[in-house]
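Peer 1:
In our numbering, the protein residues as written are 1395 to 1829.
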């Protein structure tokens, strides 16, 4: 245990006394009545409360009741209120850092939760009190000498109480799941047919993370600063604070009329737990029309929003004059592959039309392009150089998109043509297997 500092111990004892005095005052305010005959009973109750909230008396009782609750960051109760498995206290700063949003993002700035007997929640409220930005629970976990001295002049008694309070973060009993808890099989090998290739996981509710999200949402929606930012947006004036909107958000109620039966933080949120929208994009389908009154399919293809987006991205990248290395070639190839993906999507859409549209009098496509987009309806049979023609047309089109801003020529043309030829070959092999 660290060296004892009397001044700091006195400050911690003042925190304890202030907490107990406030709770005593609240209890005394609840003793009311006008009947003089009941005054002796009321006075007796006041005397009992004064004795109950003496520091030594209350702390001894609180240490005894600490076993009825557990401090947690990940709770089982929100998964199912009747589940009786393990909840865990995992400080976010001690979790592995991952490239995804999770409890580890909270670091040291997190609110611990508590589960168990709701009648003992006052013990946790006591341990959440802070001195110099440290909670009393944290001081217990550190076996802080000054806090021990503030609890009791008897070292053995103080240590026993500190141990009891520190035990709030320990799992109760053996680690266990429950039949009402959610469980899932998580693959740990590349062979899903092996029965021993899975771990059974029992996910817990990330209570501390949910509380942080709840606080952020409340601030973004209802704080005075957020309201002022929305007013500025409506008035088309500047605001340093951004406006954040959460569309299609749902609210899940945990605990019904007794949210405290789930956890302390759930009670503070009045049972409200926000669920951010996790919806697939709304498909806005545009009717596919035959490619008519144009002599190249690439005139229609180039008007697709994603094509324009990918061409602009490629152009912006090449304008930076990147170093001629493998990283540059890989990034350039990525942009071209995106254009090719969109080309085959365009092809698939046109092939869904009723066969024969390419024989319309207004279809001015070359024989190769007509057979490419309308393979079952174009006549006569497909030309032997269809793949070469399509690849050459694509390379010429892409060079034309870039030529106004960049000095592209034959080397680029050959590169685009080869890439398209390779992709068409792969596309047709895949199509033949599907047939």
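Where a beta carbon is used, it is the ideal one built from N, C-alpha and C, also for glycine.
Measuring alpha carbon to alpha carbon, tell me which residue in 1483, 1487 and 1629 is nearest residue 1564.
Peer 2: Minimum Cα distance to residue 1564 is reached at 1483.
Peer 1: My output table needs one value for residue 1645: the three-state DSSP class, helix, strand or coil.
Peer 2: Three-state result, residue 1645: strand.
Peer 1: Report the start-end ranges of each alpha helix (DSSP H) in the segment 1505-1588 that is 4 residues or longer and not cut off at the edges.
Peer 2: Runs of the alpha helix (DSSP H) inside the segment 1505-1588: 1515-1521, 1530-1535, 1539-1545 and 1549-1560.
Peer 1: If you run the structure through DSSP and keep just helix, strand and coil, what is residue 1834?
Peer 2: This structure gives no information on residue 1834, because the portion of the chain shown stretches from 1395 to 1829.
Peer 1: Which residues bound the beta strand (DSSP E) around residue 1464?
Peer 2: Looking at the DSSP string, the run of the beta strand (DSSP E) that includes residue 1464 is 1463-1466.
Peer 1: Taking the Cβ atom as the reference point for each residue, do residue 1769 and residue 1745 lie within a distance shorter than 8 Å?
Peer 2: The answer is yes: Cβ separation under 8 Å.
Peer 1: Check whether the Cβ atoms of residue 1810 and residue 1730 sit closer than 8 Å, and answer yes or no.
Peer 2: Their beta carbons are under 8 Å apart, which means residue 1810 touches residue 1730 by this criterion.
Peer 1: Should residue 1583 be counted as a contact of the ligand NAD given a C-beta to heavy atom distance under 7 Å?
Peer 2: Ligands displayed in this structure: none; no statement on the ligand NAD is therefore possible.
Peer 1: Looking only at its own chain, which residues have a Cβ that is under 8 Å from the Cβ of residue 1656, when we skip the five neighbours before and after it?
Peer 2: The answer, listed in chain order, is 1469, 1471, 1472, 1475, 1509, 1648, 1649 and 1665.
Peer 1: Tell me the DSSP bridge mates of residue 1599?
Peer 2: According to DSSP, residue 1599 bridges with 1469.
Peer 1: Could you tell me which residues DSSP puts in a beta bridge with residue 1593?
Peer 2: DSSP output for residue 1593 lists 1580 as bridge partner(s).
Peer 1: Give every residue of the same chain whose Cβ lies closer than 8 Å to the Cβ of residue 1549, excluding the five residues on either side of it in the sequence, and list them in chain order.
Peer 2: Within the same chain, residue 1549 has close Cβ partners 1542.
Peer 1: Got a sec? Which residues, its chain only, sit under 8 Å from residue 1815 by beta carbon, not counting five neighbours each side?
Peer 2: Around residue 1815: 1781, 1782 and 1785.
Peer 1: Counting Cβ pairs closer than 8 Å, one from the segment 1732-1744 and one from the segment 1691-1709, do we hit at least three?
Peer 2: Because the criterion of three Cβ pairs below 8 Å is met, the segment 1732-1744 and the segment 1691-1709 touch.
Peer 1: Per DSSP, what are the beta-bridge partners of residue 1482 in this structure?
Peer 2: Bridge partners of residue 1482: 1468.
Peer 1: Kindly indicate which three-state DSSP category residue 1793 falls into: helix, strand or coil?
Peer 2: Residue state, collapsed to three classes: helix.
Peer 1: Just checking my contact of residue 1497 with residue 1451 at CB under 8 Å: how many whole Å lie between their CB atoms?
Peer 2: Going by Cβ atoms, the distance from residue 1497 to residue 1451 rounds to 37 Å, so no, they are not a contact pair.
Peer 1: Can you grab the Cα-Cα spacing for the pair residue 1693 / residue 1787, in whole Å?
Peer 2: Straight-line Cα distance between these residues: approximately 11 Å.
Peer 1: Let me know the secondary structure DSSP gives residue 1415 once reduced to three states.
Peer 2: Residue state, collapsed to three classes: helix.
Peer 1: State the Cα-Cα distance for the pair residue 1448 and residue 1403, rounded to the nearest angstrom.
Peer 2: Cα-Cα distance, rounded: 18 Å.
Peer 1: Can you pull the DSSP bridge partners for residue 1668?
Peer 2: Paired residue(s): 1645.
Peer 1: Assuming residue 1695 is part of the alpha helix (DSSP H), what are its boundary residues?
Peer 2: First-last of the alpha helix (DSSP H) with residue 1695: 1691-1695.
Peer 1: Please return the same chain residues whose Cβ sits closer than 8 Å to the Cβ of residue 1743, not counting the five positions on each side in sequence.
Peer 2: Excluding sequence neighbours, residue 1743 sits near 1682.
Peer 1: Exposed or buried, what is residue 1531 when buried is set at 16 or more other beta-carbons lying within 10 Å of its beta-carbon?
Peer 2: Counting Cβ neighbours within 10 Å, residue 1531 comes out buried, since at least 16 surround it.
Peer 1: With a threshold of 8 Å, are at least 3 pairs of Cβ atoms found where one atom belongs to the segment 1514-1532 and the other to the segment 1607-1618?
Peer 2: As far as the Cβ criterion goes, the segment 1514-1532 does not touch the segment 1607-1618, which means the pair count is below three.
Peer 1: In three-state terms, what does DSSP make of residue 1701?
Peer 2: Reduced to three states, the DSSP call for residue 1701 is helix.
Peer 1: CA-CA distance, residue 1414 and residue 1492?
Peer 2: Rounded to the nearest angstrom, the two C-alpha atoms are 42 Å apart.
Peer 1: Between the beta-carbon of residue 1580 and the beta-carbon of residue 1593, is there less than 8 Å?
Peer 2: Against a cut-off of 8 Å, the Cβ pair of residue 1593 and residue 1580 comes out as a contact.
Peer 1: Please list, in chain order, all residues of the same chain as residue 1512 whose beta carbon is under 7 Å from its beta carbon, the five residues on each side excluded.
Peer 2: Closer than 7 Å at the Cβ level, and outside the excluded window around residue 1512, lie 1654 and 1655.
Peer 1: Would you give the residue range spanned by the alpha helix (DSSP H) that residue 1767 belongs to?
Peer 2: Here the alpha helix (DSSP H) through residue 1767 covers 1761-1767.
Peer 1: Give a yes or no on whether the C-beta atoms belonging to residue 1457 and residue 1552 are separated by under 8 Å.
Peer 2: Contact flag unset, no.
Peer 1: Could you give the DSSP three-state label for residue 1617: helix, strand or coil?
Peer 2: The answer is coil: DSSP assigns residue 1617 none of H, G, I, E or B.
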